[in-house]
Each structure stands twice: as structure tokens, then as C-alpha cells.
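Everything below concerns the one structure shown next.
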Amino acid sequence: MALRWGIAGTGAIARGFADALGRLPEAELVAVGSRNRATADEFGENHGIAPNRRYGSYESLAADDDIDIVYVASPHSHHHEHTLLFLESGHGVLCEKPFALNAGQAAEMVAAARAQGRFLMEAMWSRFLPAYVRLRELVTAGEIGTVLSVEGDFGFRVPMTPTHRLFDPALGGGALLDLGVYPVSLASMLLGEPSRVAAFGQLGETGVDEHLAVLTSYDSGAYDSGAFAVAKASLRASLACAGRVTGTAGSIELPAFMHCPDELVVQRAGAVERLHLPAARDGDGDGDETAGGGLHHQARHVHERLRSGHLESDIMPLDETVSIMRTLDTARARIGVHYPADNA
């Protein structure tokens with residue numbers, strides 16, 4: 000039986016995810032919710048959703064009992080509210096990154112899912128891509144020795160508009176939550192929760208971080224080696240958008256774009272190996288490399304977990320999601336970025 004999906008939000012990432020679901024025979028996109036009926040109708044028309052299931056409010060979407068799981072693709076500032084809404088109405092939730100605005104919100108969302116007995120996962124889609132799967136395999140197998148450092152940067156020059164979500168503190172604006180979350184999550188995946196967090200950056204006129212670096216160190220966790228990580232993010236400059244994992248016996252590079260690389264560059268003992276791993280590839284075949292851009296991998300993982308009776312992911316665990324939010328909170332505090340939601 001197909002898993003029945005609803006989507007909360009009609010922006011670019013929601014459209015991409017809808018396309019991705021179309022690649023999965025085991026998925027059925029049956030409903031959409033938006034802030035108004037006009038945008039829901041447009042989205043539904045483009046993605047084959049029946050007119051009577053194009054909802055002009057998120058509450059109406061939550062009231063639809065013929066949905067198994069909802070993909071929350073609303074703005075950052077609404078992830079907490081909407082996830083709780085759908086969990087409490089009896090639906091599973093796949094929530095877009097960043098999972099919440101702070102660790103307190105994230106912990107509340109996780110507690111609600113566990114109390115309700117509903118599936119919940121952060122949509123950190125990178126982790127499910129072929130390149131990231133292979134990266135984990137290589138590191139776990141010790142192919143580059145003990146990990147010493149993880150580095151990543153992600154940034155673009157974005158024209159400053161005070162009302163744009165990227166520059167609005169009330170909407171969780173700033174480079175860290177929108178872009179920096181990718182290299183921070185990469186470091187977490189390989190090294191665990193840091194023992195120390197430092198951050199340096201420049202704030203813009205609206206008070207959000209526009210260019211920053213987060214430095215984390217690890218005394219315990221996956222590697223008891225004094226490893227460190229550096230994550231850079233920017234709305235002021237175009238960065239390399241690449242990542243690198245360095246070990247005692249080699250290194251693995253994630254070329255641009257590090258959050259969805261099509262290859263890994265592995266260096267060991269002077270030899271260089273390029274592993275071709277297209278982000279949109281299906282399994283071991285090439286498949287269609289356009290529709291959904293690889294977002295279908297995380298959707299397939301959700302299906303696999305639910306079919307096997309699990310309510311959490313083993314690749315993007317909820318406790319790790321909360322841990323990542325703690326790291327982001329500490330980094331924001333270090334550079335003086337404050338969101339109104341932090342007072343709630």
C-alpha cells in the first residue's frame with residue numbers, strides 16, 4: 000500500500016519534494032496546505048492533487064484523516080508550530096531543516112512525537128544521498144584512518160532585503176540556520192556532539208549573522224582523538240561550498256556543492272580516486288537525475304522505517320537533531336544573534 004503524503008507549504012523545496020515523491024511508486028501525494036487557497040490550488044494543479052484536498056490553511060490539512068505523513072516545508076519560524084499541529088492530529092512528520100529555531104523547540108517536538116507514538120524526522124536530505132552513504136561507509140571502515148578534522152563551507156552573496164526571510168530574525172534568518180546547518184550536521188554525523196563550540200562572525204543591520212565560522216572540538220564521541228571541525232557560512236560572499244574529511248591515513252573531499260555532491264575525491268597514500276555518485280541516482284543504477292534532485296532518497300528512507308515499524312530514523316536520529324540545535328544555539332550566542340522565539 001502506498002504511503003499517503005501531505006505537504007505543508009508551497010515554496011521551492013515543497014515543489015522539489017513533490018517532484019521527488021513522483022519517482023516513488025510506493026508514495027502518493029494526496030493533499031497540500033498553504034496560507035491561502037490560491038497558492039494551494041496552483042500547487043495542487045501542478046502536482047495532481049484533487050481540488051477538494053487543496054487546503055487554504057494548515058489546520059485544514061491537519062484535519063484530513065486520510066494522510067499518513069506530512070512534509071513540513073513552511074518557513075523556519077513555523078516548523079515548531081506546524082510539526083506539533085500535525086503530530087497532535089495523528090500524522091507522522093518529516094520536517095525540513097533547520098528542524099526548529101532552537102534546541103528547546105526541537106526537544107518539545109521530539110517529546111511530542113514520542114508521546115503521540117508518531118514518526119518524526121528532520122529532513123536533512125544530504126545524509127541519504129549516495130555520496131553521503133558512501134562517505135559513512137568509508138569512514139566507518141577506517142579507509143582514511145582516524146578522523147582528525149571535518150571542514151565545510153556554504154555561502155552565496157545575497158542582496159540584503161530587510162523583509163526577506165534570510166534577514167529577518169523573527170523568521171530564523173541568517174547564514175547559520177539556512178546554510179551553515181549543512182557543514183555542522185556533517186561534523187555531527189562523523190564526530191558526534193562537540194565538547195566545545197566557538198564562533199566568530201559579522202552581523203547585518205537586522206541583527207542576523209551574514210558571515211560566520213563555527214569551530215567545534217571533540218574530546219569524546221565517535222573518535223576520542225581531539226578532533227575538530229570548522230563550518231563556515233555566508234550571505235555576503237560566494238564560498239567554495241565544499242567539504243573535506245581529513246584522517247590519519249587520507250582524506251575525502253566533497254566537491255561543490257557539499258550538501259549534494261555527485262562525487263567523492265578520496266586521497267590515500269598519494270593516490271587519488273574519484274567516486275562518481277550522482278545525487279539523484281537510484282541505488283546502483285543511474286536513473287533520472289532531474290526530478291526532485293535526490294530528495295526521493297530521504298522519502299524512501301521514511302517509507303522503509305515506517306514499514307519496519309520504526310518511528311525514528313537511524314540515519315538522522317532525533318536525539319542527534321536536538322544535539323545539532325544545541326550546537327547552533329551556542330554558536331548564535333557566541334556571536335550575539337538572538338531570535339524572538341528564544342524568549343518563548
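According to numbering that gives the first Met the number 0, the sequence shown is numbered sequentially starting from 0.
Using N, Cα and C, we set each Cβ at its ideal position, and we do this for glycine too.
No experiment lies behind these values; they were computed from the predicted model shown.
The beta carbon of R331 sits closer than 6 Å to no other beta carbon from its chain once the five residues preceding and following it are set aside. Per DSSP, reduced to three states, the secondary structure at H210 is strand. Here A102 has V321, M324, R325 and D328 as same chain residues with Cβ atoms under 7 Å from its own Cβ, once five neighbours each way along the sequence are excluded.
Contact between S233 and E209 holds: their C-beta atoms lie close to 7 Å from each other, under 8 Å.
Secondary structure of R156 (DSSP, three-state): coil. The secondary-structure analysis by DSSP pairs Q266 across a beta bridge with S250 and V271.
Beta-bridge partners assigned by DSSP to L93: Y70 and M120. Collapsing the DSSP output to three states places R36 in a helix. Within the same chain, and ignoring the five residues on either side of S307 in sequence, no residue has its Cβ closer than 6 Å to its Cβ. Around the beta-carbon of R156, fewer than 16 other beta-carbon atoms lie within 10 Å, marking it exposed.
Within the same chain, F166 come within 7 Å of T160 by CB-CB distance, once the 5 residues on both sides are set aside. In the three-state DSSP reduction, R3 falls in the strand class (E or B). A residue is called buried when at least 16 other Cβ atoms come within 10 angstroms of its Cβ; F127 meets this threshold and is buried. Nearest neighbour of I68 by Cα position, chosen from H302, V271 and N342, turns out to be H302. About 11 Å separates the beta carbon of G89 from that of F118, a gap too long to meet the 8 Å contact definition. Three or more beta-carbon pairs separated by less than 8 Å link the region 31 to 41 to the region 5 to 20, which places the two stretches in contact. Apart from the 5 residues on each side of it in sequence, H337 has no Cβ closer than 6 Å to any other Cβ in its chain. In its chain, beyond the 5 residues on either side, no residue has a beta carbon closer than 6 Å to the beta carbon of E58. In this structure, the CA atom of H163 is about 21 Å from the CA atom of A37. Setting aside the 5 residues that flank it on each side, A212 is surrounded in the same chain by F199 and K231, each with a C-beta closer than 6 Å to its C-beta; the list follows chain order.
Per DSSP, A99 is not a residue of any alpha helix (DSSP H), being assigned neither H nor E. The C-beta distance from A130 to E44 rounds to 34 Å, too long to fall under 8 Å, and the pair is not in contact. Taking a contact to require three or more Cβ pairs closer than 8 Å, the region 139 to 153 and the region 179 to 191 qualify as touching. In this chain, the beta strand (DSSP E) harbouring V196 covers R195 to L202.
Ranked by Cα distance from H300, the first of V132, A241 and V138 is V132.
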